[in-house]
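Peer 1: Add 122 to the 1-based position in the sequence shown for this note's numbering, that's all there is to it.
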Amino acid sequence: MSRFYIDTQTIPWEQIPWPKVEAVVFKLQTRIYQASRSDNMDKMRALQFRLIRNLHARLLAVRQVTRENQRKKDPDIYKKLVASGSQKIEMARGLQLDGKATPVRQMIIAKPRKEEEHPRKLRAKKKSRFCCAFSALGATKRRVNQARFAPGKWKAKNNLYFFFRTKLRVFFSFWPICVIEDRAKQALIKMALETEWEARFEPNSYGFRPGRSYQDAIKAIFDAIRAKPKYVLNADISKCFDRIDHQALLNKLKTLPNLAKQVEAWLKVNLMTGLGNNAQYMERGTYRVIFPLLVNIALHGMETALTEWSLEAYPKGPTPILVRYANDFVVLHQSEEIIEQAQAFLREWLKCMGLELHSEKIQVVDTGSGFQFLGFSINHIWKWGKVRTLITPSRESRRRFLEDMRRAIQLSKGKAAYQLIITLVPRIVGWGNYFKYSECNNLFRRLDHDIFQKIRAWVYRRHPTWGRDRIKQKYFPEKRSWLFNKKVYQDNWILYDSRTTAFGVKREYYLVKLSWIASHKHMLARQDKSPIK
Numbered sequence: 123m124s125r126f127y128i129d130t131q132t133i134p135w136e137q138i139p140w141p142k143v144e145a146v147v148f149k150l151q152t153r154i155y156q157a158s159r160s161d162n163m164d165k166m167r168a169l170q171f172r173l174i175r176n177l178h179a180r181l182l183a184v185r186q187v188t189r190e191n192q193r194k195k196d197p198d199i200y201k202k203l204v205a206s207g208s209q210k211i212e213m214a215r216g217l218q219l220d221g222k223a224t225p226v227r228q229m230i231i232a233k234p235r236k237e238e239e240h241p242r243k244l245r246a247k248k249k250s251r252f253c254c255a256f257s258a259l260g261a262t263k264r265r266v267n268q269a270r271f272a273p274g275k276w277k278a279k280n281n282l283y284f285f286f287r288t289k290l291r292v293f294f295s296f297w298p299i300c301v302i303e304d305r306a307k308q309a310l311i312k313m314a315l316e317t318e319w320e321a322r323f324e325p326n327s328y329g330f331r332p333g334r335s336y337q338d339a340i341k342a343i344f345d346a347i348r349a350k351p352k353y354v355l356n357a358d359i360s361k362c363f364d365r366i367d368h369q370a371l372l373n374k375l376k377t378l379p380n381l382a383k384q385v386e387a388w389l390k391v392n393l394m395t396g397l398g399n400n401a402q403y404m405e406r407g408t409y410r411v412i413f414p415l416l417v418n419i420a421l422h423g424m425e426t427a428l429t430e431w432s433l434e435a436y437p438k439g440p441t442p443i444l445v446r447y448a449n450d451f452v453v454l455h456q457s458e459e460i461i462e463q464a465q466a467f468l469r470e471w472l473k474c475m476g477l478e479l480h481s482e483k484i485q486v487v488d489t490g491s492g493f494q495f496l497g498f499s500i501n502h503i504w505k506w507g508k509v510r511t512l513i514t515p516s517r518e519s520r521r522r523f524l525e526d527m528r529r530a531i532q533l534s535k536g537k538a539a540y541q542l543i544i545t546l547v548p549r550i551v552g553w554g555n556y557f558k559y560s561e562c563n564n565l566f567r568r569l570d571h572d573i574f575q576k577i578r579a580w581v582y583r584r585h586p587t588w589g590r591d592r593i594k595q596k597y598f599p600e601k602r603s604w605l606f607n608k609k610v611y612q613d614n615w616i617l618y619d620s621r622t623t624a625f626g627v628k629r630e631y632y633l634v635k636l637s638w639i640a641s642h643k644h645m646l647a648r649q650d651k652s653p654i655k
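1) Specify whether the region 491-503 and the region 368-384 touch according to this definition: at least 3 beta carbon pairs, one from each stretch, less than 8 Å apart.
2) Can you look up I503 in the DSSP assignment and give me helix, strand or coil?
3) Identify, in the order they occur along the chain, each residue of the same chain with its Cβ nearer than 7 Å to the Cβ of A306, setting aside the five sequence neighbours on each side.
4) In three-state terms, what does DSSP make of D613?
5) Just verifying my parser: in three-state terms, what is the DSSP assignment at S620?
6) Quick check on F625: buried or exposed, where buried means 16 or more other Cβ atoms within 10 Å of its Cβ?
7) Pick helix, strand or coil for V143, following the three-state DSSP scheme.
8) Quick test of your reading: L479 and L416, contact by CB under 8 Å. State the CB separation rounded to the nearest angstrom.
9) Which residue or residues does DSSP assign as beta-bridge partners of L355?
10) Whole-angstrom Cβ separation of A538 and L617, contact assumed at under 8 Å?
11) Could you pull out every unbroken alpha helix (DSSP H) segment of at least 4 residues lying fully inside the region 156-196, listed in chain order?
12) Along the chain, where does the beta strand (DSSP E) that runs through K100 open and close?
13) Where F171 and P442 are concerned, what is the direct C-alpha to C-alpha distance, given to the nearest angstrom?
14) Does the Cβ-Cβ distance between L646 and D345 come in under 8 Å?
15) Using DSSP with H/G/I as helix, E/B as strand and the rest coil, what is T317?
16) Any idea which residues DSSP pairs W604 with across the strands?
17) Closest by CA to I340, which one among Y556, I593 and V627?
18) Does the beta-carbon distance from Y582 to E320 come in below 8 Å?
19) Is it true that the CB of K352 sits closer than 8 Å to the CB of L472?
20) Could you spell out where the beta strand (DSSP E) holding Q494 opens and where it closes?
21) Closer than 8 Å by C-beta to S637: which residues in its own chain qualify, once you throw out the five before and the five after it? Chain order, please.
22) For I654, tell me which candidate among R331, K165 and S208 has the shortest Cα-Cα distance.
23) How big is the Cα-Cα spacing for F598 and I138?
24) Within a Cβ cutoff of 6 Å, which residues of the same chain sit near I128, ignoring the five residues on either side of it in sequence?
25) Starting from the Cα of I419, find the closest Cα among S560, I311 and L315 and give me that residue.
26) Closer than 7 Å by C-beta to K195: which residues in its own chain qualify, once you throw out the five before and the five after it? Chain order, please.
27) With a CB to CB cut of under 8 Å and the five nearest residues on each side skipped, what residues in its chain are close to I366?
28) Applying the 10 Å Cβ sphere with the 16-neighbour rule, what's the burial state of E239?
29) By how many angstroms is the C-alpha of M527 removed from the C-alpha of H642?
30) Would you mind working out which of T489, P325, F467 and L310 sits nearest A349, comparing C-alpha positions?
31) What residue range is occupied by the uninterrupted beta strand (DSSP E) comprising V445?
32) CB Q575 to CB M313, shorter than 8 Å?
33) Does E425 pass the burial test, meaning 16 or more other C-beta atoms within 10 Å, or should it be called exposed?
34) Based on DSSP bridge pairs, tell me the residues matched to T511.
35) Assign S516 to one of three DSSP states: helix, strand, or coil.
36) Using a beta-carbon distance below 8 Å, is I616 in contact with chain B?
So, in structure tokens, the structure goes:
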């Protein structure tokens with residue numbers, strides 16, 4: 123162990139040598155990982171206890187959550203922002219696992235909408251219904267706050283508030299938000315538990331793990347089906363984040379008493395309640411640091427149990443392949459009968475954790491018919507005289523992307539062109555980078571055309587009296603070169619704008635195209651490797 127030490131009484135937050143701090147913590151995590159791989163439980167528990175008491179680990183935990191805190195519009199349950207370096211050092215010095223958890227507040231987030239539920243003719247009607255519901259909820263909350271301290275009135279007002287809150291659950295999710303001190307505790311415990319379980323996790327578990335991503339899950343499916351068509355069980359665990367048996371999860375952890383007591387305290391304040399099946403939001407912005415790890419621990423053992431069942435029931439045939447990303451998973455095999463029996467086996471296995479499969483999302487198909495997983499459409503097609511695996515962005519993913527672009531453009535009617543560009547570029551680049559590990563080139567060009575139609579309508583609405591030539595010269599200059607990802611592109615129909623800052627500096631803005639993001643091939647991560655090792 124390094125002798126490097128930080129005196130927080132004399133060293134300010136801005137002068138902390140973070141590379142050395144990270145090296146000290148990483149060395150401890152590596153030793154925990156190696157002890158877990160060799161099943162040396164006594165040594166591993168001693169190292170975990172040493173890690174959570176280590177000042178360097180506490181400093182890193184506070185640094186992690188305060189960085190995330192600065193990017194949130196609603197930073198804390200009590201609107202408390204830890205901004206100064208002295209506050210951060212004081213929090214790190216006082217950070218300890220006391221077995222207490224602050225009750226969480228719930229934030230309203232719109233649920234993902236389905237195509238069949240929202241035809242164009244019903245948009246205006248549903249929008250008015252949303253506005254009425256929100257106005258009723260807001261008025262009720264104001265009456266509740268006014269009558270909170272009036273004796274005999276709180277019960278009736280509270281019931282009325284929760285009545286409207288229940289009605290809104292049809293369209294919105296209520297996500298719990300933890301205070302910053304609890305998030306720092308979660309980051310500290312995650313440093314100790316994640317290294318232990320990374321040495322144990324199954325090879326085809328890819329969700330919310332260091333060194334693993336959705337690209338690995340898609341590549342694993344591609345490698346499994348490219349040689350020969352197979353039958354697919356495409357399933358989703360119903361309300362995985364709400365219904366996990368807390369006692370079964372604690373029994374599965376088998377960790378230090380103070381760690382188990384702290385996790386139990388978070389579970390009692392409904393830390394894992396309110397998400398349903400919205401796993402995709404957890405990757406974009408996680409409000410609970412340790413929550414994805416707990417989900418992976420709860421579902422650990424599914425792949426091993428399925429393999430053991432297959433070897434016992436069908437010892438001569440190939441075993442089914444299970445690929446899991448959080449609560450979404452697929453099972454692949456050449457026999458439809460084995461797929462059906464695997465579905466029944468997994469139903470029984472999930473009951474031990476208090477979980478069940480989503481009856482409306484279970485799908486048993488062959489790869490020729492195709493299926494959707496993590497926003498991708500995966501199927502087999504006949505091309506050039508042989509079967510070829512085709513992975514593309516799904517139709518639903520494309521619809522949601524265009525709907526998001528349309529909504530952003532509609533909300534920018536009164537803004538300048540550079541403000542619209544600033545709004546759209548992160549959406550385009552983020553969506554394109556997610557789906558670039560697929561056969562996406564042709565689809566990206568089609569989506570570019572759809573986006574251009576919306577941009578053109580926005581420009582014409584902004585200047586209804588201008589002619590086409592004048593609009594073309596102002597917003598779509600000719601004979602210009604555009605730089606993106608260290609490549610130069612020539613295009614005469616790129617939305618462009620510029621502005622001069624208060625310091626007299628001219629800044630240029632232009633809207634990138636999806637087709638500038640080329641398709642890539644992903645290299646599957648080695649199953650026996652981990653960045654912690």
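In this text, a Cβ means the ideal position worked out from N, Cα and C, and glycines have one as well.
On a predicted model such as this, the values are computed, not experimentally measured, just so you know.
Peer 2: With the given structure in hand:
1) no
2) strand
3) A183, V184, V187, M213 and L217
4) coil
5) strand
6) exposed
7) helix
8) Not confirmed; about 20 Å, so no contact.
9) V453 and V486
10) The Cβ separation is near 12 Å, so there is no contact.
11) 163-174 and 177-192
12) With the chain represented from 123 up to 655, any question about residue 100 goes unanswered, as that position is not in the structure.
13) 39 Å
14) yes
15) helix
16) Y611
17) Y556
18) no
19) no
20) F493 to F495
21) N563, F566, R567 and D570
22) R331
23) 48 Å
24) none
25) L315
26) With a pLDDT of only 47 at K195, under 50, the local geometry of the prediction cannot be trusted, and no value is derived from it.
27) M394, L416, V417, A420, M475, G476 and L477
28) Confidence is the limiting factor: at E239 the pLDDT is only 47, short of 50, which leaves the residue's position unreliable, though a coordinate-based value still follows. Looking at its Cβ environment, which holds fewer than 16 other Cβ atoms inside 10 Å, E239 is exposed.
29) 24 Å
30) T489
31) I443 to Y447
32) no
33) buried
34) H502
35) coil
36) The displayed structure is made up of one protein chain only, and chain B is not part of it.
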